[in-house]
Amino acid sequence: MSAAPAGGVARRPAGRPGPPEAPEAPEAPEQRRILAVLVASQLVSGAGLTAGIVVGALLAEQMLGSTGLAGIPTALFTGGSMLGAFAIGRLCQRRGRRPGLGAGFAIGALGSVGVVAAVALDQVVLLLPSLLVYGAGTATNLLARYAGADLAAPHRRARALSRVLLAATLGAVAGPNLVPLTGDIARAWGIPPLAGPFLLAALGYTAAAVLLTALLRPDPLHLARARLPAADAPGTVQGTDSGSAADPVRKGEGPPRGPGVATGLWIMLLGQLPKVALMTMTPVHLAANGHGTGTIGLVVSLHIAAMFLPSPLTGLVTDRLGALPVAAASGALLCAAALLAAAAPGDSVPLLAVALTLAGIAWNLGLVSGTAVITAALPPGRGANTQGLADVGLAVAGSTGALLSGLAVTAGGYTTLALACALTALLVTPLALRAARAGA
């Protein structure tokens, strides 16, 4: 039996279910309050997630005049997400979740305003850096899931972070369906319609920044540190640490966390790259086959809903069965989704909608299970840097997928892209199964 961590609760291996447990105690009042604030901020910020997804590629095609360059906006805002995850993770580690997440959403709102100005002025030179800054909002939206798990009991972490992910659903699903309406508003203001979704993103990110800055009290990361015994508390006045997964394991902290972090990261990366590639070029593929923004928005809405709506069930299954079996299922499902997209005729909206919906579900399974592996591998109050770096890797994978997607479609067509995505996604399953066998 592994040693119990300093908090006195035995740590369950990330990839395996634990023994039957007694009925769960209710969540502590401070955890309920923190989750409520995080949920509220995710509800309003979710709309910002979809602006770049729905119209980013269309903006690039319009302003840059090339389908081959259509992946550049997604590559830029996922690159901005990479930089944002790194900076926000460090800020959270040093100052707490409240200033870190609040600043991230504020920067995302600034980038959204910059995109609107660039489209209104028809200035590509302003559009590109603004998309980069806009990515900070996406990074913050995802990093918020870790804040939900800061104070959660080990056997409830996956459900806690899943609740935060679920909260983004309302805004994220509404966003694509509001493309025509926001386009009309933008047109009424004398702005090109494709800038409309970024107006909504600016409003949502600003509201989230205000909510978190005003109401995320007590700060969950500070409280998690305060509850650590003195021997296990972070070693500086501010509670900073290297956040490295390679730090020596202290007595009582359980098994080495390096392999757990690496495994969780690869699970997320190998799901993120093909999912983003497929998601980036499907709107362009639909537009090339004569479908308008309303149809495209509906398909993307289904995809976004599938990315977040399964979160409570995914969290429950992950807590009950273990993260690695769920990760193995995510790879197989994403492979099947990409194969369906490859086989679907270009004018078949239902088949492409099903393919993107399955891809969203698979991404959810991979993100929740990968995050659970990483969270279980890090001691409380000491992981914000590592969590930020993990999401840097997530953003790098997304940026790579977006950038390569346009080139792949130009070189071999949408079917070639979808087949490449299927092969990449399938790598997750043997990775997770091998890690599960190694930990058995």
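According to this note's numbering, the sequence shown is numbered sequentially starting from 6.
C-beta atoms are modelled at their ideal positions from N, C-alpha and C, and glycine is treated no differently.
The structure displayed is predicted, hence computed values, not measured ones.
Given a cut-off of 9 Å on the beta-carbon distance, is the pair V266 and A395 in contact?
yes
Using a Cβ-Cβ cut-off of 8 Å (strictly less than) and excluding sequence neighbours within five positions of L344, which residues of its own chain qualify?
A423, L424 and A427
Using only CA atoms, which one of V169, F82 and A65 lies nearest to Q47?
V169
Would you please state the rounded distance, in angstroms, between the beta carbons of L270 and G388? I believe it to be under 8 Å.
Actually they are not in contact, since the Cβ atoms of L270 and G388 sit about 13 Å apart, beyond 8 Å.
Cα-Cα separation between G406 and R232, rounded to whole angstroms
41 Å
Using C-beta distances below 7 Å, list every residue in its chain close to A96, excluding the 5 sequence neighbours before and after it, in chain order.
According to the sequence displayed, residue 96 carries Leu and not Ala. These residues qualify, in order along the chain: P104, G105 and A108.
For a test of the three-state rule: what should DSSP assign to S353, helix, strand or coil?
coil
Could you say which of S167, L88 and G140 lies nearest to P317 if we only look at CA atoms?
S167
Could you check which residue in P78, R38 and R164 has the C-alpha nearest to that of T380?
R164
At what residue ranges does the region 256-320 contain a whole run of the alpha helix (DSSP H), taking only runs of 4 or more?
263-293 and 298-313
Looking at N390: is its Cβ nearer than 9 Å to the Cβ of P315?
no
Along the chain, which unbroken stretches of the alpha helix (DSSP H) at least 4 residues long are found entirely within the region 154-207?
162-172, 174-182 and 184-193
Measuring CB to CB, does A157 end up less than 9 Å from Q36?
yes
Quick one: using the 10 Å Cβ neighbour count with 16 as the cut-off for buried, is G195 buried or exposed?
exposed
Is it buried or exposed for G297, if we count other Cβ within 10 angstroms and need 16 for buried?
exposed
Span of the alpha helix (DSSP H), counted from its first residue to its last, around Q392:
A389 to G417
Please report the residue range of the alpha helix (DSSP H) in which G336 lies.
A328 to A348
How long is the line joining the alpha carbons of G371 and M273, rounded to whole angstroms?
6 Å
Does the beta-carbon distance from A144 to F313 come in below 9 Å?
no
Can the beta-carbon of G94 be found closer than 9 Å to that of H227?
no
Who are the Cβ neighbours of F91 in its own chain at under 6 Å, not counting the five residues just before and after it?
G393 and V397
Report the rounded CA-to-CA distance for G51 versus L204, giving the unit in angstroms.
13 Å
Can you check which of these residues, A229, G299, A416 and V120, is closest to A3 by C-alpha distance?
With the chain covering only 6 through 445, there is no way to say anything about residue 3.
Whose C-beta lies closer than 8 Å to the C-beta of T300 among residues of the same chain, with five residues either side of it excluded?
L291 and V354
For G101, does the three-state DSSP call read helix, strand or coil?
coil
Please state if the CB of V331 and the CB of G209 are separated by a distance shorter than 9 Å.
no
Close beta carbons around V483, own chain, < 8 Å, minus the five adjacent residues each side:
What is shown of the chain runs 6 to 445, which leaves residue 483 out entirely.
What's the C-alpha gap between A3 and G84?
Outside the modelled stretch of the chain, which goes from 6 to 445, sits residue 3, for which no answer is possible.
Under three-state DSSP, which class holds A427?
helix
Span of the alpha helix (DSSP H), counted from its first residue to its last, around L436
V433 to G444
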